[in-house]
Amino acid sequence: MRAVRAAGARRERSATKERTGRELAKECYEIAVLPGDGIGPEVVAQAVRVLEAAAGCEGLGLDLRHHPCGAGCYRRCGEPLPARTLAACREADAVLVGAMGLPEVRWPDGTEMRPQVDLRLQLDLYAGVRPIYLYSAAHSPLKGLAPGDIDLVILRENVEGLFASMNGGIQLRDEVAVDSMVITRSGTERVARYAFELAVRRRRQPMKVTCVDKANIFRSMAFFRRVFDRVAGEYPGVLADHEYIDALALHLVQRPQTFDVLVMENMYGDIVSDLAAALVGGMGMAPSADIGADTAVFQPSHGTAPDLAGRGTCNPVATVLSVAMMLEWLGERHGDDRAGRAAARIRRAVQAVLVVPGSGTPDLGGCMTTAALGDALVAAVA
Ligand code: ATP
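In numbering that gives the first Met the number 0, the protein residues as written are 0 to 381.
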């Protein structure tokens, strides 16, 4: 019965979308919350407090429903991503995820459980949007930067590339193992188009999209670049630029101010996200959104950080900023200004709290606990 209602609701939603190009604003948005493993539940708890405070200030109705998922869920019920959790994610207006996977819980082939990656594939969340923004000069290992000097977005193609091989690589005896890089024209076109649209929405001057690849060596990467260049032709107002992945690693550290939107295949995006996060304070400062045509998942870029779990000192800001991205996305999708204003409140709160010298959790050089930073953010939101 529930499944039939859900299918009906989805049909109604897509009919509205076809008529209007967007979905209608709602009294109440249903958010599926998957706290996951390690520090996931700790950062999600604070992000939910901040989300509820911001939504309350703007009169935005939210219905938050928690669902099991992750390595702990596998230990309890035999599945890292239960079918009911997946169905709830499809049905919800948006999904908020903490972090998933534990090093000691593995499949028989030795790989870790990554239900968040399975979610991307199942929901076809092709655009991995990872903003990197410097809130305080004190957070960066680079010298001479002011807040806002680093303001770029890594756009990670999320469903193909080297990750297409996940669970599908081959191993021959104890001698050879192969994983393949999969690049398709349609997959590259849609993520390249997303990159240019994003640059237009960000309105930085000059608007620029950098294609990151290794086109000088790999046929797959030369193809990625050719498809990117064709899409670039549709956006004459946006600069189209290229970097090889190795040179990008150098230039991101030497001159991060010169980048706007960077688009790349899945595995490069995975690695570059961590490097770029280090420039603005580490993984605790890097939010993300995994966006598809029908739904989107919002989560910090970091993993479960088992070294920090249970200590009460992990940084919740990446998850709080992911919640702001969720509100922005809901606001745009439903034409709902309340959601956009709630997102802006959260960003201002993060700015206001982190500008105070010495504030923040130990990863930022501060001495606040996760909960104390949550308290400060909730107070600043109001
Ligand atoms: P995954 O492979 O799942 O992405 P990872 O191996 O990249 O995970 P993370 O869990 O992201 O590892 O942790 C990398 C480092 O960053 C660890 O030293 C961890 O302590 C630190 N870290 C991650 N998230 C946070 C956070 N929210 N606050 C403080 N430190 C963090």
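From the three backbone atoms N, C-alpha and C, an ideal C-beta is built for every residue, glycine too.
Point to revise | Nearest-angstrom Cβ-Cβ length linking residue 94 and residue 296, presumed shorter than 8 Å | key: 4 Å
Review point. Is residue 314 near the ligand ATP, with its Cβ less than 7 Å from a heavy atom?
Key: Yes, the Cβ of residue 314 comes within 7 Å of a heavy atom of the ligand ATP.
Practice item. Run the CB neighbour count on residue 354, radius 10 Å, all protein chains shown included, and call it buried at 16 or more, exposed below. Key: exposed
Review point. So residue 234 is in the alpha helix (DSSP H); what residue range does that whole segment cover?
Key: From DSSP, residue 234 is part of no alpha helix (DSSP H); its letter is neither H nor E.
Exercise for review: Decide if residue 287 is buried, meaning its Cβ has at least 16 other Cβ atoms within 10 Å, or exposed.
Suggested key: buried
Point to revise | residue 392 vs residue 32 beta-carbon contact at 8 Å | key: Outside the modelled stretch of the chain, which goes from 0 to 381, sits residue 392, for which no answer is possible.
Point to revise | Ranges of the alpha helix (DSSP H) found wholly within the stretch 301-381, counting only runs of at least 4 | key: Counting whole runs of 4 or more residues, the stretch 301-381 contains the alpha helix (DSSP H) stretches 316-333, 336-353 and 369-380.
Review point. In chain order, what residues of the same chain have a beta carbon less than 7 Å from the beta carbon of residue 221, not counting five sequence neighbours either side?
Key: Cβ contact annotation for residue 221 (same chain, cutoff 7 Å, sequence separation greater than five): 214, in chain order.
Check your understanding: Contact check, residue 156 vs residue 302 under 8 Å by CB: the rounded distance?
Key -> Not quite, the Cβ-Cβ distance comes to about 20 Å (not below 8 Å), so this is no contact.
Review point. Do the stretch 117-136 and the stretch 229-249 make contact, defined as three or more Cβ pairs closer than 8 Å?
Key: Note that the stretch 117-136 does not touch the stretch 229-249; fewer than 3 beta-carbon pairs, one per stretch, sit closer than 8 Å.
Check your understanding: Measuring from the CB of residue 360, is there a heavy atom of the ligand ATP at a distance below 7 Å?
Key -> yes
Exercise for review: Can you give me the Cβ contacts of residue 50 inside the same chain, cut-off strictly under 6 Å, excluding the 5 residues immediately before and after it?
Suggested key: Residues 322 of the same chain have their beta carbon placed closer than 6 Å to that of residue 50, with the five preceding and five following residues left out of the count.
**Study point:** Residue from 260, 189, 315 and 310 whose Cα sits closest to the Cα of residue 131
**Key:** 260
Exercise for review: Determine, using beta-carbon pairs with one atom in the stretch 313-331 and one in the stretch 276-287, whether at least three such pairs fall under 8 Å.
Suggested key: yes
Exercise for review: Take every Cβ of the stretch 106-115, pair it with every Cβ of the stretch 39-50, and state whether three or more of those distances are shorter than 8 Å.
Suggested key: With a cut-off of 8 Å, the stretch 39-50 and the stretch 106-115 do not count as touching, because too few Cβ pairs lie within range.
Review point. What does DSSP give as the partner residues of residue 207 in its beta bridges?
Key: 238
Review point. Which residues does DSSP pair with residue 62 in a beta bridge?
Key: Residue 62 is bridged to 29.
Check your understanding: Under 8 Å, do residue 69 and residue 35 count as touching if we go by C-beta distance?
Key -> yes
Review point. DSSP three-state call for residue 39: helix, strand or coil?
Key: For residue 39, the three-state secondary structure derived from DSSP is helix.
Check your understanding: Cα separation between residue 142 and residue 90?
Key -> One C-alpha to the other measures close to 46 Å.
Check your understanding: Going by beta carbon distance, what residues of the same chain come within less than 6 Å of residue 169, once the five residues before and after it are set aside?
Key -> Here the set comprises 177.
Point to revise | Straight-line Cα distance separating residue 263 from residue 102 | key: Taking the straight line from one Cα to the other gives about 27 Å.
Practice item. Give a yes or no on whether the minimum CB-CB distance between residue 208 and chain D is below 8 Å. Key: Protein chains in the displayed structure number just one, and chain D is not present.
Exercise for review: Would you please state the rounded distance, in angstroms, between the beta carbons of residue 206 and residue 154? I believe it to be under 8 Å.
Suggested key: Not confirmed; about 14 Å, so no contact.
Practice item. Within its chain, find whatever has a CB closer than 6 Å to the CB of residue 113; leave out the 5 residues flanking it on each side and keep chain order. Key: 100
Review point. From residue 30 to residue 375, what does the alpha carbon distance come to, in whole angstroms?
Key: In a straight line, the C-alpha of residue 30 is about 24 Å away from that of residue 375.
Exercise for review: Give the range of the beta strand (DSSP E) segment to which residue 297 is assigned.
Suggested key: 295-299
Practice item. Below 7 Å CB to CB, which residues in the same chain sit around residue 365 once its five sequence neighbours on both sides are set aside? Key: 357, 358 and 359
Check your understanding: How many Å lie between residue 273 and residue 251 at the Cα?
Key -> The alpha-carbon atoms of residue 273 and residue 251 are separated by roughly 12 Å.
**Study point:** Endpoints, beta strand (DSSP E) assigned at residue 176
**Key:** 175-177
Review point. Measuring CA to CA, which of 308, 225, 212 and 253 is closest to residue 270?
Key: 212
Exercise for review: Hey, could you find the ends of the alpha helix (DSSP H) residue 266 is sitting in?
Suggested key: 265-278
Point to revise | Whole-angstrom distance between residue 299 and residue 383, CA atom to CA atom | key: Nothing can be reported for residue 383, as the shown portion of the chain is limited to 0 through 381.
**Study point:** Proximity winner among 209, 328 and 26, relative to residue 343 (alpha-carbon distances)
**Key:** 328
Practice item. Would you mind reading off the limits of the beta strand (DSSP E) that contains residue 156? Key: 150-156 is the span of the beta strand (DSSP E), which, as asked, contains residue 156.
Review point. Any heavy atom of the ligand ATP within a distance shorter than 7 Å of the CB on residue 110?
Key: no
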